[in-house]
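Residue numbers (the working numbering), protein chains in the order written: chain A, 69 to 274; chain H, 759 to 1260. All residues carry an ideal CB built from backbone N, CA and C; glycine is no exception. None of the values given here were measured: they were computed from a predicted structure. To keep things clear, I will list the structure first and then write my remarks on it.
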Amino acid sequence: MRIPAPIALALTAILSLSALALPPTAARAQEAAPASPDPRVKFKDGERYLRDLAESLEIPRKEICLELSRYDCADKAFRIVLGGVDPYEIRIMQPLDQASLASPIAFDRVALQVCSNRVARDKADPATAVLFKPAAGRPDAAWREALTDRLYDRILRRGADAAERQRMAGFLEGLEARTGRSPKGQADQTLLACFALASSAEAAFY
Amino acid sequence: MSSGGVRGRTGPVAWAGVAAALGLSVVAAGLAGPANRAVAKPPASMEFCKIYPTAHVCAASPVVNCTTCHTVPPARNLFGEQVSANLAPGAARPLSDADFVAALPAALKAVESLDADGDGIPNLAELIAGSQPELASSRPTSASCTPGQARSAAAGRWNTCGYDPAHAYRKVTLDVCGRSPTRAETEAFRQLLPSESAWRGALANRLDQCLRTPYWLGVNGVLWNLANAKINPVDSIKAGPRAGSIPLADYEWDYNLFAWLNTGDRDVRGLLTGQDFVKRTSDSPPTFEPVPEDGMRALRQAGQTVPRDKRAGMITTRWFTTVNTMFTPIPRTTAAAAYRQYLGLDLARMQGLHPAVSEPADYDAKGVAAPACAVCHSTLDPLTYPFTRYDGIIRNNYNPNRLKNFVRTDGPRVVEAPEAGEIFGQKVANLMEWSQVAANSDAFAQKVVWDYWKLMIGREPGPADQAEFTLMWKGLKAQDKFNYRTERMLHALVLTEAYGRP
C-alpha cells in the first residue's frame, strides 16, 4: 500500500518528534527556574498565532493559512476551536473557557500548513528563502546549526541555548535517516523542524 | 440511629429504595409546607459579604453564591448545616428574613473555628483564603517560593517567583497589540531591566501605543469583543450597514459607545449614565466622535430617539431596548440584563437579591407574587419599574404614558406600575436615579475590573489575587487614583503580580 505523501510526512513528523521530546524543564534556556507555583499561561489564539508567524516567516497574513485554499484558518475554518468568537451567527460571545477536543488537532494542522507554505515558497524562490536553504554539499553540522538559528530566531524570536541546539541537531540527524540527504530530504527536514517549534508550547502559549 | 436496623433487615437494595422514598418525601414536604423544611435565604448572599468583607468570595462581587451554604438550594452543604445548627437555635422555623439577617452574624461566628469538611483547616481560614469549607479536597494554596527558589528564578529567563517585567512586556504586546514583540524589541527592553523607572516607562509606552491599535479598539477588536456579552448582537434584526432581514436597530452604535467610554480620559460610568451617541469615524486608526443632537434624525433606525435628558448610557439605546424590552410593559428582562451585564449580579443565580417591602405587586398579572416566584421578583420587579417608561421595538423612546398601551393585554392594573423603583435597597424616582446608584456602586466597579481581569490575566480572580483585585476596583472608584478611567486602571493592572508573574 502506498501512503499519500502528506500523510507519510505527518507520520514521519510524529515519529521524529519523539526524538525531540523534552523533559518539562528543558524548553527553558539558560538557567532553569522553578516551575511556577501558580502558572497563568494563556493560549495565543489562532489570530495572534498567525499574525506572529506571518510577520516572522514573511508571508502575507491573508495567505499564510487557507483551508481548501479558500478559508482562513483562524478567521474561518478553525475560528472557535482556536480561541475566537462569533457573536453574530453562532452566538459565541467569549472565547471558550476550555479548549475543545479539536483544538490541538486544528493547531497542529495550522502549524504544519504554515511551515509547508514557507518551505514551498523557499523552494520556489531560493533567492528570498527564509527557512529552507539547501546545503552546498552534504548537509553537515554547520548546515544544521544555521537552520536551528533561523528556526529559533523566526519562530520563537530568540536564540537557542546549548541544550536546545544539541537536541535539534539530534532531531535533524534522525530525520535525515528517514528523508535522505537530497535537497528534497533537506526541505522535509526543514519543514518538520519548523513544525516541531511552531507547534511547541512556547509558540502556542504566553 | 434506627435506619441501620432498617438496612440490616431489608438489605442494601431495599435501603436504597427507602432512602429514595425518604428523599422524595423530604423534597415533597419542602414544596408542600413550611414545617421543618430547609429554606434558602436570598438575603444571605449579600449579608455574608457585609460580615466578611475580606473573604475571598467577596473580593470580586458584593454577593456570594448560594453554594457557599447550599448544594442545590434549599439543600445545605456541610458548612451550611453547621451554620443552620447555630442559627437562632430554638426559634420557630422558618425564620423571617429580618430574623434570619439578625441571627446570621452570631451563627457564622459560632462556626468560624469549626472544620466542616474535616480537612484540618478551620472554616474561617478557608473562607478568607478562597477554598471551600465544605469540601475536603479544596484547601488554601500558596503561591510563594522558598528563598532558594526565588534566587534561582530571578537568575532564570523567566522569574517564576515574582513580577517579571520582560514577561509583562511580552504579555502587553500580545494582549493589547495582538502580536509578540520582535526579538530586537525584547532585547532592547531587557537592557532596561536594571533601571526600574526605565522599564516601567517602556512598559507604559508600549501599553499606550497598543491601546490605540485597531487590534484593541477596532471593529471586532478586543474591546469590541469585550462588549459582546453585554450587547448581545443579532444579525437578523440589525439595521444600518449590512442590515439583516428585519432591520430594527443597529448594534454598532452600542459597540462604539462602549469603546469610546473605555478609552482616553473618559468616565466609564457613562456606560450607565452617559448621554452621548458616538460615531466611529475611522477604523484605522480607530477614531470616534459624538453625534450632534441635530444629526440624530438622519440616522433613522440606527439613531437614538430617547431625549438626551432621559438617556442612561448603554441601557437606553435603541438596540438595548429592542432586544430586551421588545413589547413588554414591565420589562423584567431588561432590568435583569442591565443588572447582570453591568453590575455582575445574576438574579437567575439568586445574586444581588434585595427584597423590597410589599413587592412584587404583580401589576401585569403574571403571577409573580406566588411564593416560589416572589423570592426573586421582590427584588426584580422594583428594579424594573424605572424601565417601564422606555419603549422597546419600533418606537424606542421615553414615554411617561407608555403603560396605557398595555391595558388590553396585561390588565387594568398595569397602568398603576410606578416609574419609581428600588436598587440595592435604595429608592429611586426614575431610571436616571437608578443608573446613578448603579454606576456609583461597588458592584459596578467590581464588574468593570472583573471583565478586564478575566481578559488580561486569563482567568477569574483567584484566592491569591484577592488583594490586588480589591486594589484595582477600589482604585477605579478613587478620585486620586483611576477615577473611573479604565486605561489608568489598565496601567496599574499590568504592574500587578497577577499579571506579570509567569
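Can you pull the chain A residues whose beta carbon is under 7 Å from the beta carbon of residue i, in chain order?
{"i": "H/Gly976", "result": "Going along chain A, no residue has its Cβ under 7 Å from H/Gly976, so there is no contact; the nearest lies around 12 Å."}
{"i": "H/Gly1216", "result": "Arg108, Lys110"}
{"i": "H/Gln907", "result": "Pro102"}
{"i": "H/Ser955", "result": "In chain order: nothing, as chain A lies at least about 25 Å away."}
{"i": "H/Thr1254", "result": "Those within 7 Å of H/Thr1254 in chain A number zero; the least Cβ separation is about 11 Å."}
Below 9 Å on C-beta distance, what does residue i contact in chain H?
{"i": "A/Val153", "result": "Asn978, Asn983, Asn986"}
{"i": "A/Glu157", "result": "Asp993"}
Relative to the C-alpha of residue i, which candidate in the options has its C-alpha closest?
{"i": "A/Thr216", "options": "A/Asp120, A/Phe239, A/Ala204, A/Thr196", "result": "A/Phe239"}
{"i": "H/Leu969", "options": "H/Pro1043, H/Ala985, H/Asp922, H/Gly1002", "result": "H/Pro1043"}
{"i": "H/Ala868", "options": "H/Leu882, H/Pro1089, H/Arg948", "result": "H/Leu882"}
{"i": "H/Trp1011", "options": "H/Pro811, H/Val977, H/Leu932, H/Ala1225", "result": "H/Val977"}
{"i": "H/Asp1149", "options": "H/Pro905, H/Asn1014, H/Ser910, H/Thr1079", "result": "H/Thr1079"}
{"i": "H/Leu1105", "options": "H/Val1115, H/Thr1045, H/Cys1131, H/Arg1024", "result": "H/Cys1131"}
{"i": "H/Gln1109", "options": "H/Asn835, H/Lys1124, H/Ala1201", "result": "H/Ala1201"}
{"i": "A/Lys110", "options": "H/Ser803, H/Val930, H/Gly998, H/Asn986", "result": "H/Val930"}
{"i": "H/Trp1192", "options": "H/Leu984, H/Ala817, H/Gly1032, H/Thr904", "result": "H/Gly1032"}
{"i": "A/Arg222", "options": "H/Val1195, H/Asp875, H/Thr940", "result": "H/Thr940"}
{"i": "H/Lys1068", "options": "H/Trp1077, H/Asp1034, H/Asp1041", "result": "H/Asp1034"}
{"i": "H/Met1190", "options": "H/Ala1070, H/Gln1237, H/Leu1229", "result": "H/Ala1070"}
{"i": "H/Leu1015", "options": "H/Leu984, H/Glu1174, H/Asp993", "result": "H/Leu984"}
{"i": "H/Asn1020", "options": "H/Ser803, H/Leu1234, H/Lys799", "result": "H/Leu1234"}
{"i": "A/Gly205", "options": "A/Leu164, A/Pro251, A/Glu244", "result": "A/Pro251"}
{"i": "A/Arg218", "options": "A/Glu115, A/Ala266, A/Glu241, A/Leu118", "result": "A/Ala266"}
{"i": "H/Pro1144", "options": "H/Thr1075, H/Ala946, H/Met1247, H/Ala1187", "result": "H/Ala1187"}
{"i": "H/Thr825", "options": "H/Gln890, H/Asp873, H/Gly848, H/Ala849", "result": "H/Gln890"}
{"i": "H/Thr1083", "options": "H/Val1036, H/Gly848, H/Arg1160", "result": "H/Arg1160"}
{"i": "H/Arg1024", "options": "H/Glu1245, H/Ala802, H/Lys799", "result": "H/Glu1245"}
{"i": "A/Ser268", "options": "A/Tyr220, A/Ala237, A/Met161", "result": "A/Tyr220"}
{"i": "A/Ala282", "options": "A/Asp143, A/Ala264, A/Lys144", "result": "For chain A, the structure presents residues 69 to 274; residue 282 of chain A sits outside this window and is missing."}
{"i": "A/Phe146", "options": "A/Asp193, A/Ser104, A/Glu232, A/Gly114", "result": "A/Gly114"}
Which chain A residues sit within Cβ distance under 9 Å of residue i?
{"i": "H/Thr940", "result": "Glu123, Ser124, Arg225"}
{"i": "H/Arg928", "result": "Tyr274"}
{"i": "H/Cys968", "result": "Simply none; closest approach about 12 Å."}
{"i": "H/Thr1039", "result": "None at all; the shortest Cβ gap to chain A is about 23 Å."}
What are the boundary residues of the beta strand (DSSP E) that includes residue i?
{"i": "H/Glu1180", "result": "1179-1181"}
{"i": "H/Lys1185", "result": "1184-1186"}
Under DSSP, the alpha helix (DSSP H) around residue i begins and ends at which residues?
{"i": "H/Lys867", "result": "855-869"}
{"i": "H/Val1115", "result": "Per DSSP, H/Val1115 belongs to no alpha helix (DSSP H) and is neither H nor E."}
{"i": "H/Phe1085", "result": "That residue, H/Phe1085, is in no alpha helix (DSSP H); it is neither H nor E in DSSP."}
{"i": "H/Ile1215", "result": "1200-1215"}
{"i": "H/His1249", "result": "1244-1251"}
{"i": "A/Ile173", "result": "171-192"}
{"i": "H/Phe947", "result": "941-949"}
{"i": "H/Leu1103", "result": "H/Leu1103 -> no alpha helix (DSSP H), and no H or E assigned at all."}
{"i": "H/Phe1227", "result": "1224-1235"}
{"i": "A/Gly253", "result": "251-266"}
{"i": "H/Phe806", "result": "802-809"}
{"i": "H/Leu829", "result": "First, the residue type needs correcting, since residue 829 of chain H is Thr and not Leu in the sequence shown. Where H/Thr829 is concerned, there is no enclosing alpha helix (DSSP H), given that its DSSP letter is neither H nor E."}
{"i": "A/Asp217", "result": "209-219"}
{"i": "H/Arg964", "result": "954-968"}
{"i": "H/Asn706", "result": "Examination of residue 706 of chain H is not possible in this model, given that chain H is present from 759 through 1260 alone."}
Find the residues of chain H that neighbour residue i, judging by a C-beta separation of less than 8 Å, and give them in chain order.
{"i": "A/Glu232", "result": "Per Cβ cutoff of 8 Å: no residues; A/Glu232 is ~12 Å from chain H at best."}
{"i": "A/Pro128", "result": "Within chain H, no residue comes near A/Pro128; the closest Cβ sits about 15 Å away, beyond 8 Å."}
Strictly below 8 Å CB to CB, what residues from chain A border residue i?
{"i": "H/Arg937", "result": "Arg116, Arg119, Asp120, Glu123"}
{"i": "H/Leu1015", "result": "Residues of chain A passing the Cβ test: none, with the nearest at roughly 17 Å."}
{"i": "H/Ala1222", "result": "Asp106"}
{"i": "H/Glu1044", "result": "One point to set straight first is that residue 1044 of chain H is Pro, not Glu, in the sequence displayed. Near H/Pro1044 there are no residues of chain A at all, since even the closest Cβ is about 17 Å away, more than 8 Å."}
Name the chain H residues that come within less than 7 Å of residue i, Cβ to Cβ?
{"i": "A/Glu135", "result": "Per Cβ cutoff of 7 Å: no residues; A/Glu135 is ~20 Å from chain H at best."}
{"i": "A/Met161", "result": "Asn986, Ala987"}
{"i": "A/Asp221", "result": "Arg941"}
Could you tell me whether the Cβ of residue i comes closer than 9 Å to any Cβ of chain D?
{"i": "H/Asn1082", "result": "Annotation note: the requested chain D is absent from the structure, which comprises protein chains A and H."}
- Query: Is it true that the region 1085-1104 of chain H meets the region 1041-1060 of chain H, where meeting means three or more beta-carbon pairs spaced less than 8 Å apart?
  - Reply: no
- Return the chain-ordered ranges of every beta strand (DSSP E) run that is complete within the region 976-1049 of chain H and spans a minimum of 3 residues. 1036-1041, 1044-1048
- Task: Taking 8 Å as the threshold, find out whether the region 139-151 of chain A comes into contact with the region 170-179 of chain A through three or more Cβ pairs.
- Result: yes
- Task: Any chance you could list the alpha helix (DSSP H) runs of at least 4 consecutive residues sitting entirely within the region 914-938 of chain H, in chain order?
- Result: 923-930
- Is it true that the region 916-929 of chain H meets the region 111-125 of chain A, where meeting means three or more beta-carbon pairs spaced less than 8 Å apart? no
- Message: Check whether the region 845-861 of chain H and the region 871-888 of chain H touch, using three or more Cβ-Cβ pairs below 8 Å as the test.
- Response: no
- Message: With three or more beta-carbon pairs closer than 8 Å as the criterion, would you say the region 130-144 of chain A touches the region 156-172 of chain A?
- Response: no
- Message: Whether or not the region 1208-1220 of chain H and the region 809-829 of chain H are in contact is what I'm after, with contact meaning three or more pairs of Cβ atoms, one per stretch, closer than 8 Å; do they touch?
- Response: yes
- Message: Taking contact to mean 3 or more Cβ pairs, one atom from each stretch, closer than 8 Å, check whether the region 1208-1218 of chain H and the region 1163-1180 of chain H are in contact.
- Response: no
- Query: What are the complete alpha helix (DSSP H) segments, minimum 4 residues, inside the region 1122-1167 of chain H?
  - Reply: 1129-1142
- Item | Segments assigned alpha helix (DSSP H), at least 4 residues, entirely inside the region 98-130 of chain A | 114-124
- Message: If contact is defined by three or more beta carbon pairs under 8 Å, each pair taking one atom from either stretch, is the region 196-212 of chain A in contact with the region 251-264 of chain A?
- Response: yes
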